[in-house]
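Colleague: Below you will find the structure I want to go over with you.
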């Protein structure tokens, strides 16, 4: 598993990283992967279009809204996943904050990139299990009009509290901190890239990266 | 039936899996089925009883006040129904009905926001309901946070007299999700009075084997194994092992010492049938308990083998700055003292917060919580106040040491019961009503008395550590040798671990360090295992490193070599001595900045240093940050170098007894519902280093608390952070309450989802980042 250190540096606000910055982020990433590696769960459900959005029949869950419909309309199945760095990373970050806030900011960013790497690994595993199917982009609650509340449903369906130690607060914030839930559609035909870019992002108006003239890297 | 009489006790299998088969809908509360579908529950119990289960778990796993809150049903009602169904099913079979207690479904501090006391109250309600309904025993299971398991076990112990089984759930790395190790779990829960400990769920029996071994090596208690039917298939969630394969793998666990067995997710009566056949005629293997002195946190077990360094610096005696921090409730300062000692090689930290004007019974547990959230190191709770000790032992997550009990009757009677109840280790001081004896013989006699009394209470002898007491050699020169003789005898003849506060030996002498170091080396030679020292003194830690080489504790001298190979020769950089405070801050050099500030304070007033040097230096870095020349991490490094300068200023003022430098007091909080707080902490770091005093109310703070604190403290500026759209209403409500106070403070807001327009709409100023927060503070506090 590889953490994208350029992403990590960008998340930390280091716009023009030096070689030393990159090397330090590499070793930070190594430490995160060894002490608190990403862990993930996923399950694959059959899919049908329902009145209130895309319906995962067996799970009794619908993913409401235009985004889910657009993403999944050509799909037979959808994989739901959750990936987390676990409580160990939160403890590392608390310890770093007590020691050195600058290091904490860099570590925090490194964690964000590491959990993405975990999601990539989960996706790769799903792809290997369904070699003849094509995947859509990965998308998460909070993107576009997919409500944050879907997070709780995904966690419940995956039994993530018991199997991964992931909890959602009433505000839909998840703990441990570096946790991502996501969905990926599986189709019989190739799927276009649809959601990359600021245009679809819910944080568009307030994104610090965008205000600074860059993006989080998801833009095409 | 007495559960202890069965050679291998057979529990039951999964409840959740069985309910799904019966037709429970996704998202439905399993526990409410006790009321709506009692026949399902009864049938499931009967199935397991027919397969030979001797203990069945009532359908009460998630029946707690939190999960039942909006269901219209009470805990008493749901647990009462569940326990009664289990009892009815078990009637006439001789099997026992257990109250099943799972995790609350909310995370405890420091990972989450639920306080230990709140968790305890929820568990107390459950335990009382189970007892009233007539449960035969209590099974606390699937715990992943040792602190939550402790809260549940304490509640079971204090609310009932029933036997208590506790199992936690580990992942394939051998730890629970929160990092708890099997060794820590077993030692802590046995110490706290569990009747059997072990693991359930999450793994199949094969993966559980090394964990069962580790648990058995760390407890005298019967070991429980209630794993899943293998690991689930990720795609469809089905468990892989057949009943026969499951039972075959379980046999290895019984051989390794598991004496209580059952199944968790994916198992059904067929699995139990096979288990029953497997255990017939079998007795569990010897677990191989390893007795040793031991303290721990959840994630860091620390068997006391060889020398273990106890850091002495968290103690206000003779330290003006520390006293000030205590009186001002400045926990960050205390955490910092802990971090420094840990980095210098301390393995246990002594924690003493006793000082006139400090409410120790409230302060000691508060400090324990703050330390445990930031540093992972076992603590030695140091107090003469039994209430402070008990409050701290209650919240300490792990196995602590208590410093101390003495040979005085009153001390023995008040301290030892606490040590026993909370399963701690204890330091026994060799003094009694007649003071400190001046012979080694008499000190050993007191040590023997303390050990006798402790063992009589049921405290194992390896948990009794003896302090033979260091007396100042310049005052009582003959006593140094007596102390060393006593250490030798306690260590060699009684076989106990010894503790010694070493630094005291040299009080009042010049070149203290030389005397302290020599005394330390002699004490180690006499058998001292737990020296209490200042680990920040390099020479002291050097002596311990050398001792570890000579005693063979440092195999191949690896640690010694690493210690001295890593330390670069003090190198004279060309700029050393020429560097200005501004350079040191801009480059984020903490110790250099502090050194320069110390020099400047000899002829510069504290306030002049702040206004004339510190702030301009920070402004320069801030301006570079805004121009995109330096980035957030460097901005924070500079802020921390400035913090080191502030420490010098505070120390200088504390020495003179002057008032603290404060350019204004600001409340910061992350609003209710929001639990991620790194953004707020960044702002705090930067504001503090501009000389503002920050009252950090923490995260997930209700609007009323913020308004109340602002009013009570007469605060002029409140900073609020929110990360999610879902928590913006809480921000708005907080701003509204603040505006409605008699003397409304200015409000600034920030966070990922906050915009300038939103800020304006709720009558607040928008702090885009930490720098902007400083500018707002400047305007608010400008004269």
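Protein chains in written order, with this note's numbering: chain A, 26 to 245; chain B, 6 to 788. All residues carry an ideal CB built from backbone N, CA and C; glycine is no exception.
1) So, for residue 127/B: in the same chain, excluding its five sequence neighbours on each side, which residues have a beta-carbon less than 7 Å away from its beta-carbon?
2) If you measure beta-carbon to beta-carbon, which residues of the segment 617-637 of chain B are closer than 7 Å to chain A?
3) Under 9 Å, do residue 100/B and residue 183/B count as touching if we go by C-beta distance?
4) Quick one: grab the DSSP three-state call for residue 578/B.
5) Helix, strand or coil, according to DSSP, for residue 36/A in the structure here?
6) Report the rounded CA-to-CA distance for residue 423/B versus residue 408/B, giving the unit in angstroms.
7) Any beta-carbon of chain B closer than 9 Å to the one on residue 31/A?
8) Give the C-beta separation of residue 28/A and residue 107/A to the nearest angstrom, bearing in mind that I take them to be a contact with Cβ-Cβ under 8 Å.
9) Is it true that the CB of residue 140/A sits closer than 9 Å to the CB of residue 109/A?
10) Compare the C-beta of residue 168/A against all C-beta atoms of chain B and say whether one is closer than 9 Å.
11) Can you find a CB in chain A that lies within less than 9 Å of the CB of residue 683/B?
12) Helix, strand or coil for residue 757/B per DSSP?
13) Beta-carbon within less than 8 Å of residue 117/B's beta-carbon, same chain only, minus the 5 sequence neighbours each way: which residues are those?
14) Residue 159/A CB to nearest chain B CB: under 9 Å?
15) Near residue 193/A, what residues of its chain come up, given a Cβ to Cβ distance below 7 Å and the 5 sequence neighbours on each side ignored?
16) Let me check understanding here. Comparing Cα to Cα, which of 188/A, 164/A, 186/A, 127/A lies closest to residue 208/A?
17) Taking C-beta pairs closer than 8 Å, name the residues in chain B that residue 122/A reaches, listed in chain order.
18) Thinking C-beta only, is residue 673/B closer than 9 Å to residue 701/B?
19) Can you confirm whether residue 614/B, when its beta carbon is compared against all beta carbons of chain A, has any partner nearer than 9 Å?
20) Does the beta carbon of residue 113/A sit closer than 9 Å to a beta carbon anywhere in chain B?
21) If the criterion is Cβ atoms closer than 9 Å, does the pair residue 213/B and residue 237/B meet it?
22) What are the boundary residues of the beta strand (DSSP E) that residue 408/B is part of?
23) Mind listing the chain B neighbours of residue 125/A? Cutoff is C-beta to C-beta under 7 Å, in chain order.
24) Taking 9 Å as the threshold (beta carbon to beta carbon), is residue 85/A in contact with chain B?
25) Could you tell me the alpha carbon to alpha carbon distance between residue 21/B and residue 181/B, rounded to whole angstroms?
26) Less than 9 Å separating the beta-carbons of residue 781/B and residue 753/B?
27) In whole angstroms, what is the alpha-carbon distance linking residue 339/B and residue 377/B?
28) Taking 7 Å as the limit between beta carbons, can you name the residues of its chain near residue 874/B, skipping five residues before and five after?
29) Mind checking the segment 186-202 of chain A against chain B and listing, in chain order, the residues whose C-beta falls within less than 8 Å of any C-beta there?
30) Grab me the residues of residue 132/B's own chain with a C-beta within less than 6 Å of its C-beta, minus the 5 sequence neighbours each way, in chain order.
31) Give me the DSSP bridge partner(s) of residue 131/B.
32) For residue 748/B, tell me which candidate among 255/B, 715/B, 392/B has the shortest Cα-Cα distance.
33) By the 10 Å Cβ neighbour count, where 16 or more other Cβ atoms means buried, how is residue 566/B classified, buried or exposed?
34) In this structure, how does DSSP classify residue 636/B when only helix, strand and coil are distinguished?
35) Give the DSSP-derived three-state secondary structure of residue 324/B in the structure shown.
36) Kindly provide the ranges of any beta strand (DSSP E) runs that are 3 or more residues long and lie completely inside the segment 87-169 of chain B, ordered along the chain.
Modeller: Judging by the given coordinates:
1) Contacts found: 69, 70, 71, 109.
2) Going along the segment 617-637 of chain B in chain order, one finds 633, 636, 637 with a Cβ nearer than 7 Å to chain A.
3) Contact: no.
4) In this prediction, residue 578/B has a pLDDT of 49, which is less than 50 and means its spatial position is unreliable; nothing more can be read from the coordinates.
5) Helix, per DSSP.
6) For residue 423/B and residue 408/B, the distance between alpha carbons rounds to 12 Å.
7) Residue 31/A does not count as touching chain B.
8) The distance from the Cβ of residue 28/A to that of residue 107/A is about 19 Å, inconsistent with a contact at the 8 Å cut-off.
9) Between residue 109/A and residue 140/A, the C-beta spacing is below 9 Å.
10) Not one chain B Cβ lies under 9 Å of residue 168/A.
11) Chain A contact via Cβ: present.
12) Residue 757/B falls in the coil class under three-state DSSP.
13) Cβ neighbours of residue 117/B beyond the five flanking positions: 111, 680.
14) For residue 159/A, the answer is no, since every Cβ of chain B falls outside 9 Å of its Cβ.
15) The answer, listed in chain order, is 176, 177, 180, 199.
16) The option with the nearest alpha carbon to residue 208/A is 164/A.
17) Here the neighbours are 379, 683, 686.
18) It is a contact, given that the beta carbons lie within the stated cut-off.
19) Interface flag for residue 614/B against chain A is unset, since no Cβ pair is found closer than 9 Å.
20) For residue 113/A, the answer is yes, since a Cβ of chain B falls inside 9 Å of its Cβ.
21) Annotated as distal: residue 213/B and residue 237/B, with beta-carbon spacing of 9 Å or more.
22) Looking at the DSSP string, the run of the beta strand (DSSP E) that includes residue 408/B is 406-411.
23) By Cβ distance, chain B contributes 645.
24) Cβ-Cβ to chain B under 9 Å: yes for residue 85/A.
25) Residue 21/B and residue 181/B have their C-alpha atoms spaced approximately 21 Å apart.
26) Going by C-beta atoms, residue 781/B is nearer than 9 Å to residue 753/B.
27) Roughly 12 Å between the two C-alpha positions.
28) Since the displayed chain B opens at 6 and closes at 788, residue 874/B lies outside it and no answer follows.
29) Cβ contacts with chain B: 186, 187, 188, 189, 190, 192, 194, 195, 196, 197, 198, 200, 201, 202.
30) Short of 6 Å from the beta carbon of residue 132/B, and not among the five residues preceding or following it, lie these beta carbons of its own chain, in chain order: 160, 161, 164, 165.
31) DSSP, once it has assigned bridges, lists no residue as partnering residue 131/B.
32) The shortest C-alpha separation from residue 748/B is found at 715/B.
33) With fewer than 16 other Cβ atoms within 10 Å, it is exposed.
34) The answer is coil: DSSP assigns residue 636/B none of H, G, I, E or B.
35) The three-state reading of DSSP puts residue 324/B in coil, since its state is none of H, G, I, E or B.
36) Secondary structure within the segment 87-169 of chain B: the beta strand (DSSP E) runs of 3 or more consecutive residues, fully enclosed, are 101-106, 142-148 (chain order).
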